[in-house]
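Asker: Dumping the structure here so I can ask a few things about it.
Residue numbers (the numbering used here), protein chains in the order written: chain R, 47 to 138; chain G, 722 to 1019; chain V, 435 to 779.
Written out as structure tokens, the structure is:
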């Protein structure tokens, strides 16, 4: 946003991964995503994420299906989410 | 199992609706805005099960952190942090040569266990330090960090005299125990107090808790545990230095330092006026002297 | 995949394993604390500031503020004779709004919300008060510098010069705030080294800034202005030395002195006090005794500037160490260190 130079320096070599699922629990800037295999994962919103914490509760109320771009976090059983966007159910 | 009498009086709960005023059933206290609530943690009842840590992580959706064993008795959490808002301390009291006494004082074992948490101080230094107003006092007299406002300046972190609030490097904001603010609003007692199997963590109105705590201390003294005392009650250790009192206070049986608590913490904001005043006065004096030097003839 | 996850999951550093579990009640690391600690773990949390970034801001902010203060005084005292000094002072005072503010925003962990600092004014928070001191100082400095420079290019408009003059006093007052509020900011925490001596640290920071400001204004200046500014720097350094002695005495009395036994304590002694205070004092004294030697004066000025910057960074780092050492923080938070009744509000 305001400091693109900083972002370039900080993104580093860690590969961004993607996961799709339903938002089931939201607390502050953290949310739980249940993927299509029924496994639940915990995400923390990165401070550079385009999503603000107050945009998460509506996703949980609607049990919205989202696609999350994330990176793993050190010493933590959880992931750091960089973007959260609504996604469609795959065709059956 | 028989339904408690109070539960039978309540209207039948629907599947999609929570029990109204559930805290009256589980904690014997009705939660109303405008009253002071807190924790009384009686460490003589703690069995070190860490149900409080687990319940807190579950309810608040906190990730497991500090993975691995520390080798420090059963304490593998280590300390309160941005992702650990309840932390159980374990101290094995050693006898001579590192071997535990096998003749023990009545009532108390060779173990000290205490569930540490944010103290929700009456004159909270973190709240007084926060420049954005993210830290605020709720209608239940607790201290909460508003995540929408916090910009991660980190000033609350050194301000806390108990080393509770922490800044998360990952999401860039400060975090600490909210005394389950969202549960309080729904009439439920905090998750840790509800999960505690021995009622070591007691939730309630602050005055009731303080009364109960004093009675408990008197009872323990009668039973022979003369070293029991309150930490954080008005006038006790921990509530010193103009902090007032701690909404989450403890019953301890050893020095505070053993539990990693400061014996006489102070209110940091009391240092602002002396520091700023002396500094500005000194600058005024130096400015006058500089004027004299600059305008003098050489 | 699982291998990578394992390395990702591990803690950054191996947890300290004590020789036996009963080390829970082991005595502290130093001889002056014989009470228990909790496995030697810190009792407090150190400030998450980047000491280089925030230390640089404190130095730059103090320098800017002092430059504004001194140039206003010089203008009133000397008038036209001080014009080059006043001009340099205006440019120096622009360092805080530009470089200083950038450093502060960079250190925020959610920098895109930097404007939340201006949501309120909180008298108990020196960071809140300081944000407003910085904003007002920046506004007056910027306005004054713009007006003064515009007046040079467009002498037909006397109101430009008047505006520049009118901003001098408010900028000077805010500048005085800039030199010393950062000490209050560090003191209003529970970090033992910072909380132990709030008043002497404020004088130390303020006088160090004033000396740095005088040194920066005098660099390269010959003649009477240079000489008088050197005298001001010498006076400010003397005040800093006195405050340093009071500080160190207070640290010993309250039990936080061991925090200065490490690396950063040595940097503070040698860099901040030795190189930054004693050396320039000596150089200024010799220079002035010889009717102002430009070389000695310049050396003294550079040493003052280096020392002032070193002071901030070393105090911040030593403070973090005091927070991380339970033997220091427990020794500090003993009942005998509580403020006396009359001292409390």
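We put the beta carbon where it would ideally sit given N, CA and C, even for glycine.
What in chain G is Cβ-close to residue 124 (chain R), meaning under 7 angstroms?
Answerer: The answer, in chain order, is 784.
Asker: Is it buried or exposed, residue 67 (chain R), if we count other Cβ atoms within 10 angstroms and call 16 or more buried?
Answerer: Burial call: buried.
Asker: Please check the pair residue 810 (chain G) and residue 796 (chain G), which I expect to be a contact at CB under 8 angstroms, by giving their CB distance rounded to whole angstroms.
Answerer: So it is a contact: roughly 6 angstroms between Cβ atoms.
Asker: Based on the DSSP output, what are the partners of residue 498 (chain V) in its beta bridges?
Answerer: Partner(s): none; residue 498 (chain V) has no beta bridge.
Asker: Between residue 463 (chain V) and the rest of its own chain, which residues show a CB-CB distance below 6 angstroms, the 5 nearest in sequence each way excluded?
Answerer: Any reading at residue 463 (chain V) is ruled out, since the residue's pLDDT is 47, under 50, leaving its predicted position unreliable.
Asker: Which same chain residues, not among the five before or five after residue 581 (chain V), have their C-beta less than 8 angstroms away from its C-beta?
Answerer: Answer for residue 581 (chain V): 594, 595, 597, 598, 601, listed in chain order.
Asker: Using the C-alpha atoms, what's the distance from residue 575 (chain V) back to residue 865 (chain G)?
Answerer: Roughly 38 angstroms separates the two Cα atoms.
Asker: Is there a Cβ of chain G sitting closer than 8 angstroms to that of residue 106 (chain R), yes or no?
Answerer: No - not a single Cβ of chain G is within 8 angstroms of the one on residue 106 (chain R).
Asker: Who are the near neighbours of residue 918 (chain G) in its chain, counting only those whose CB is closer than 8 angstroms to its CB and skipping five residues on each side?
Answerer: Correct list, in chain order: 768, 770, 772.
Asker: Leaving aside the five residues before and after residue 966 (chain G) along the sequence, list all residues of the same chain whose C-beta is less than 7 angstroms from its C-beta, in chain order.
Answerer: So the qualifying residues of the chain are 843, 953, 954, 955, 960.
Asker: Near residue 765 (chain G), what residues of its chain come up, given a Cβ to Cβ distance below 6 angstroms and the 5 sequence neighbours on each side ignored?
Answerer: Here the set comprises nothing.
Asker: Might you give, ordered along the chain, the residues of its own chain that have their beta carbon closer than 8 angstroms to the beta carbon of residue 933 (chain G), omitting 5 neighbours on each side?
Answerer: Around residue 933 (chain G): 761, 923, 925.
Asker: What does DSSP give as the partner residues of residue 952 (chain G) in its beta bridges?
Answerer: Answer is G:971, bridged to residue 952 (chain G).
Asker: Checking the sheet assignment: what are the DSSP bridge partners for residue 64 (chain R)?
Answerer: According to DSSP, residue 64 (chain R) bridges with R:115.
Asker: Does any C-beta atom of chain G lie closer than 8 angstroms to the C-beta of residue 115 (chain R)?
Answerer: No - not a single Cβ of chain G is within 8 angstroms of the one on residue 115 (chain R).
Asker: By alpha-carbon positions, which one of V:544, V:473, V:496, V:588 ends up nearest to residue 531 (chain V)?
Answerer: For residue 531 (chain V), the nearest C-alpha among the options comes from V:496.
Asker: Return no unless some Cβ of chain R is closer than 8 angstroms to the Cβ of residue 907 (chain G).
Answerer: Cβ-Cβ to chain R under 8 angstroms: no for residue 907 (chain G).
Asker: I want to verify the contact list: residues of chain V whose CB lies under 7 angstroms from the CB of residue 700 (chain G), in sequence order.
Answerer: Since the displayed chain G opens at 722 and closes at 1019, residue 700 (chain G) lies outside it and no answer follows.
Asker: Against residue 562 (chain V), what residues of chain C qualify as contacts under a CB-to-CB distance less than 7 angstroms, listed in chain order?
Answerer: The chain labelled as chain C is not found among the protein chains of the depicted structure, namely R, G and V.
Asker: Taking 8 angstroms as the threshold, find out whether the segment 510-527 of chain V comes into contact with the segment 549-563 of chain V through three or more Cβ pairs.
Answerer: Touching, no, given that fewer than three Cβ pairs across the two stretches are closer than 8 angstroms.
Asker: Suppose only complete runs of 4+ residues qualify. What are the alpha helix (DSSP H) ranges in the segment 513-600 of chain V, listed by chain order?
Answerer: The qualifying runs are 517-527, 535-541, 560-587, 592-600.
Asker: Output needed for residue 902 (chain G): all residues of its chain with C-beta closer than 8 angstroms, excluding positions within five of it in sequence on either side, in chain order.
Answerer: Once the five neighbours on either side are set aside, the close Cβ partners of residue 902 (chain G) are 859, 861, 863, 865.
Asker: If I measure Cβ to Cβ from residue 846 (chain G) and keep anything under 7 angstroms in the same chain, skipping five residues before and after, which residues do I get?
Answerer: These residues qualify, in order along the chain: 880, 881, 882, 988, 989, 990.
Asker: What is the DSSP secondary structure of residue 767 (chain G), reduced to helix, strand or coil?
Answerer: Coil at residue 767 (chain G), not helix or strand.
Asker: If residue 489 (chain V) and residue 524 (chain V) are in contact, beta carbons under 8 angstroms, what's the gap, nearest whole angstrom?
Answerer: About 25 angstroms separates the two Cβ atoms, so there is no contact after all.
Asker: Just to confirm, are residue 124 (chain R) and residue 77 (chain R) a CB contact at a threshold of 8 angstroms?
Answerer: The answer is no: Cβ separation not under 8 angstroms.
Asker: Quick one: list the residues of chain V neighbouring residue 980 (chain G), beta-carbon separation under 8 angstroms, in chain order.
Answerer: Result: 472.
Asker: With distances taken between CB atoms, is the gap from residue 852 (chain G) to residue 659 (chain V) smaller than 8 angstroms?
Answerer: Not closer than 8 angstroms, so no.
Asker: For residue 80 (chain R), which of R:114, R:119, R:118 has the nearest alpha-carbon?
Answerer: The option with the nearest alpha carbon to residue 80 (chain R) is R:114.
Asker: Contact defined as beta carbons within less than 8 angstroms: I believe residue 122 (chain R) pairs with residue 892 (chain G). What is the distance between those atoms, to the nearest angstrom?
Answerer: Incorrect: roughly 11 angstroms between the Cβ atoms, too far for contact.
Asker: Could I get the ranges of all uninterrupted beta strand (DSSP E) runs contained in the segment 669-755 of chain V, with 3 residues as the minimum, in chain order?
Answerer: Here no run is fully enclosed.
Asker: Does the segment 990-1008 of chain G touch the segment 634-649 of chain V, meaning 3 or more C-beta pairs lie closer than 8 angstroms?
Answerer: With a cut-off of 8 angstroms, the segment 990-1008 of chain G and the segment 634-649 of chain V count as touching, because enough Cβ pairs lie within range.
Asker: Note down, in chain order, every chain V residue with its Cβ under 8 angstroms from the Cβ of residue 835 (chain G).
Answerer: Those do not exist, as residue 835 (chain G) stays about 10 angstroms from chain V at its closest Cβ, beyond 8 angstroms.
Asker: When the Cβ atoms of the segment 476-486 of chain V are set against those of the segment 884-899 of chain G, are three or more pairs found closer than 8 angstroms?
Answerer: With a cut-off of 8 angstroms, the segment 884-899 of chain G and the segment 476-486 of chain V count as touching, because enough Cβ pairs lie within range.
Asker: Establish whether the CB of residue 796 (chain G) and some CB of chain R are separated by less than 8 angstroms.
Answerer: Not one chain R Cβ lies under 8 angstroms of residue 796 (chain G).
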